[in-house]
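Quick note, in the working numbering, the sequence shown goes up one by one and the last residue is 122. Input: a single structure, listed below in structure tokens.
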Amino acid sequence: CLSVVGCTSLILANLDISCDSAMSRPPVVRVQGSAALLDGVTLSACASWEDGAFVSATDGAWVDIVDSRFLHGRSAGRGGGIAAIRSSVHVSNTTFYNLSSSMGGGCV
Numbered sequence: 015c016l017s018v019v020g021c022t023s024l025i026l027a028n029l030d031i032s033c034d035s036a037m038s039r040p041p042v043v044r045v046q047g048s049a050a051l052l053d054g055v056t057l058s059a060c061a062s063w064e065d066g067a068f069v070s071a072t073d074g075a076w077v078d079i080v081d082s083r084f085l086h087g088r089s090a091g092r093g094g095g096i097a098a099i100r101s102s103v104h105v106s107n108t109t110f111y112n113l114s115s116s117m118g119g120g121c122v
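Printed below as a string of structure tokens:
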């Protein structure tokens, strides 16, 4: 959800996404200058060549994560699960398991 293309908000609810961890890709959810809610979401087995295997929040993004799970993720950058750069991320009742990053911030 990129504000530069007109996206102001994104809601993902009760969703399971599993990647092929052998393949590297951009983060599953990219929030740039906009808002996102992840509620009851399970993201697993993802690998990213960028910051954040699952979520990348940049440029004033606001992300709320509730009742979700981040499992088996790795990032070649920062944040094995979530990368937040000049942004706000609020997490509650969420599980992080087996996350790693090459440049620090294994989880967030």
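Where a beta carbon is used, it is the ideal one built from N, C-alpha and C, also for glycine.
Element boundaries [beta strand (DSSP E), containing residue 44]: Numbered from 1 along the sequence shown, position 30 holds the residue referred to as residue 44. Here the beta strand (DSSP E) through residue 44 covers 43-46.
Classification of residue 25 by the beta-carbon crowding that lies within 10 angstroms, buried from 16 upward: Counting from 1 along the sequence shown, the entry for residue 25 is found at position 11. Exposed, since its Cβ has fewer than 16 Cβ neighbours within 10 Å.
Local Cβ density within 10 Å of residue 54, reported as buried at 16 or more and exposed below that: What you label residue 54 is simply residue 40 of the sequence shown in a count that begins at 1. Residue burial annotation: residue 54 is exposed, with fewer than 16 other C-beta atoms found within 10 angstroms of its C-beta.
Cβ shell of residue 106 (< 6 Å), same chain only, five flanking positions each side left out: The residue given as residue 106 occupies position 92 in the sequence shown. Hits under 6 Å: 80.
Beta-carbon gap between residue 71 and residue 15 smaller than 8 Å: For the purposes of this step, residue 71 is taken as residue 57 along the sequence shown, with counting starting at 1. For the purposes of this step, residue 15 is taken as residue 1 along the sequence shown, with counting starting at 1. Taking a C-beta distance under 8 Å as the contact criterion, residue 71 and residue 15 do not qualify as a contact pair.
Per-residue burial, residue 86 [other beta carbons within 10 Å of its own, 16 or more giving buried]: Here residue 86 is taken as the residue at index 72 of the sequence shown, counted from 1. Using a 10 angstroms sphere on the CB of residue 86, the tally of other CB atoms reaches 16 or more, which defines it as buried.
Rounded straight-line distance, which links the Cα of residue 46 to that of residue 121: As a first step, residue 121 is located in the sequence shown; it is residue number 107 there, counting from the start. As a first step, residue 46 is located in the sequence shown; it is residue number 32 there, counting from the start. Roughly 20 Å between the two C-alpha positions.
Distance between beta carbons of residue 92 and residue 65, contact taken as under 8 Å: The count along the sequence shown starts at 1 and reaches residue 65 at position 51. The count along the sequence shown starts at 1 and reaches residue 92 at position 78. Contact between residue 65 and residue 92 holds, with the beta-carbon distance rounding to 5 Å and staying under 8 Å.
Beta-carbon spacing of residue 83, residue 56 below 8 Å: Numbered from its first residue, the sequence shown carries residue 83 at position 69. Numbered from its first residue, the sequence shown carries residue 56 at position 42. Annotated as proximal: residue 83 and residue 56, with beta-carbon spacing under 8 Å.
Residue from 119, 94, 75 with nearest C-alpha to residue 103: Position 89 of the sequence shown, counted from the first residue, corresponds to residue 103. Ranking the options by Cα distance to residue 103, first place goes to 75.
Residue 63 versus residue 22: straight-line alpha-carbon distance, rounded: Position 49 of the sequence shown holds residue 63. Position 8 of the sequence shown holds residue 22. Their backbone Cα atoms lie some 26 Å apart in a straight line.
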